[in-house]
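Enquirer: Here it is: the structure, laid out below.
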Ligand code: SF4
């Protein structure tokens, strides 16, 4: 099995925290679908397994594309791969793109899941993040999607924003829960150097929150969503029963994927490749890539990293089978102190981090690395 990722690297406005590959101009967005189809044709042999199980349109802002263009890309995938097992097709959308007209077109496509970049319901926090929508627009977007029959909606929330914890965060969590969506992703704000917030932090005009605030807000997010019936199944992800994100879950299980578009990454088991064409080159049909071949130790580290971030954790039998008994033993020994402190628990062949301790996952993962 494999998955497809389509990157649409255009945004109307650049968010102050964003470090993704994207450009802040939208003039050429409608020119990209045929080029993406061209790249898909040229690169389809990258995948060893041609049975696709999910398709994900990310960005940038895929909701800048007309739904008919989205469907055209899906049709190309159906032509080149076996898509009979595809049961999740997600499009990321910004709330301000979700209009009645857009939704009426979207429901005519094969897209069956929408991931909305809500980020916060506090309008001042949204302004700090340079988002284009306000809290009410986000609620209206969910209502429009629901009204049109979209049954699988995810919203993204950002916490750890200086000045917007406490009541502001509580209000955002309450309003997110009130939407009754199937899935919520909650990310801690990261201040990347080459972003607007990075610049403000360097000038002393923005102060990243301290560890104690991060811990308290992570605990508040975990409690609010799990009390509301969501399963905390990955460090940053919460789902109602039966609605875990299939596409992202496949990444975390090490399933191969083909990424298309400027900046998109691909993975074929032991090869990692990413498109380094600029948007201008890409639109001219010039596809350039960098790649690396993963050594066995890198492969193992990747398995440890992605699996320990999920509720299932790592399987020591799998590690013994695929990487050797010595690695399984080494990890068992390295895990001992974390097991004593309760940060890790052992169940049958699995070692896992209880969700309430997910915030410590980076430290545990590092300790278990080769
Ligand atoms: S819309 Fe998404 S990709 Fe575009 S600037 Fe904002 S966070 Fe980055």
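Numbering (the working numbering), first residue to last: 32 to 401. All C-beta atoms in this analysis are idealised placements derived from N, C-alpha and C, irrespective of residue type, glycine included. Just so you know, these numbers come straight off a predicted model, no measurement behind them.
(1) Nearer than 7 Å: is that true of the beta carbon of residue 45 relative to any heavy atom of the ligand GTP?
(2) Are the segment 183-194 and the segment 214-224 touching by the rule of at least three beta carbon pairs closer than 8 Å?
(3) When every heavy atom of the ligand SF4 is checked, does at least one fall within less than 7 Å of the C-beta of residue 88?
(4) Please state if the CB of residue 54 and the CB of residue 64 are separated by a distance shorter than 8 Å.
(5) Using the DSSP secondary-structure output, state which residues sit across from residue 35 in a beta bridge.
(6) State the Cα-Cα distance for the pair residue 374 and residue 304, rounded to the nearest angstrom.
(7) For residue 377, which residues does DSSP report across the bridge?
(8) Using 10 angstroms around the beta-carbon of residue 95, count the other beta-carbons present and answer buried if the total reaches 16, otherwise exposed.
(9) Looking only at C-alpha atoms, which of 296, 194 and 344 sits nearest to residue 395?
(10) Answer yes or no: the CB of residue 190 versus the heavy atoms of the ligand SF4, is any distance below 7 Å?
(11) Any contact of the segment 317-327 with the segment 170-184, i.e. 3+ C-beta pairs under 8 Å?
(12) Measure the C-alpha to C-alpha separation of residue 238 and residue 151 and round it to an integer number of angstroms.
(13) Residue 47 by DSSP, collapsed to three states: which one?
(14) Find the nearest neighbour of residue 274 within the set 145, 82, 49 and 130, judged by alpha-carbon distance.
(15) Can you check which of these residues, 386, 92 and 354, is closest to residue 265 by C-alpha distance?
(16) Three or more beta-carbon pairs under 8 Å between the segment 358-369 and the segment 276-284, yes or no?
(17) Using 7 Å as the cut-off, classify the Cβ of residue 53 as near or not near the heavy atoms of the ligand SF4, replying yes or no.
(18) If you count every other CB in all the chains shown that lies within 10 Å of the CB of residue 279, and 16 or more means buried, which is it?
(19) First and last residue of the alpha helix (DSSP H) that includes residue 256?
(20) Of all the beta strand (DSSP E) runs that stay within the bounds of the segment 214-241, which reach a length of 3 or more residues?
(21) Just tell me which of 347, 246 and 135 has its CA closest to the CA of residue 399.
Expert: Quick look at the numbers:
(1) No copy of the ligand GTP appears in this structure; the ligands present are the ligand SF4.
(2) yes
(3) Here residue 88 corresponds to residue number 57 of the chain shown, with the count starting at 1. Incorrect: residue 88 has no Cβ contact closer than 7 Å to the ligand SF4.
(4) Here residue 64 refers to the residue found at position 33 when the chain shown is read from its first residue. Here residue 54 refers to the residue found at position 23 when the chain shown is read from its first residue. Not in contact: residue 64 and residue 54 (Cβ atoms no closer than 8 Å).
(5) Taking the chain shown and counting its residues from 1, the one referred to as residue 35 is at position 4. DSSP, once it has assigned bridges, lists 86 and 289 as partnering residue 35.
(6) Taking the chain shown and counting its residues from 1, one reaches residue 374 at position 343. Taking the chain shown and counting its residues from 1, one reaches residue 304 at position 273. Roughly 34 Å separates the two Cα atoms.
(7) Along the chain shown, one-based indexing puts residue 377 at 346. According to DSSP, which records beta bridges pairwise, residue 377 is partnered with 382.
(8) If you number the chain shown from 1, residue 95 lands on position 64. By the neighbour-count rule (16 or more Cβ atoms within 10 Å), residue 95 is buried.
(9) As a working note, residue 395 is residue 364 in the chain shown. With distances taken between Cα atoms, residue 395 lies closest to 344.
(10) As a position in the chain shown, residue 190 is number 159, starting the count at 1. Residue 190: no, Cβ never under 7 Å from the ligand SF4.
(11) no
(12) Sequence index remark: in the chain shown, residue 238 carries index 207 (1-based). Sequence index remark: in the chain shown, residue 151 carries index 120 (1-based). Their Cα atoms are separated by approximately 19 Å.
(13) Start at 1 with the first residue of the chain shown, and residue 47 comes out as number 16. Residue state, collapsed to three classes: coil.
(14) Mapped onto the chain shown, residue 274 falls at position 243. That would be 145, whose Cα lies nearest to the Cα of residue 274.
(15) Your numbering for residue 265 matches position 234 in the chain shown. Closest by alpha carbon: 386.
(16) no
(17) Against the chain shown, residue 53 aligns to sequence position 22. The answer is yes for residue 53.
(18) As a position in the chain shown, residue 279 is number 248, starting the count at 1. By the 10 Å Cβ count, residue 279 comes out buried.
(19) Taking the first residue of the chain shown as 1, we reach residue 256 at position 225. Counting along the chain, the alpha helix (DSSP H) containing residue 256 begins and ends at 242-258.
(20) 214-219
(21) In the chain shown, the residue the question calls residue 399 occupies position 368. Selected option, being the one with the closest Cα: 347.
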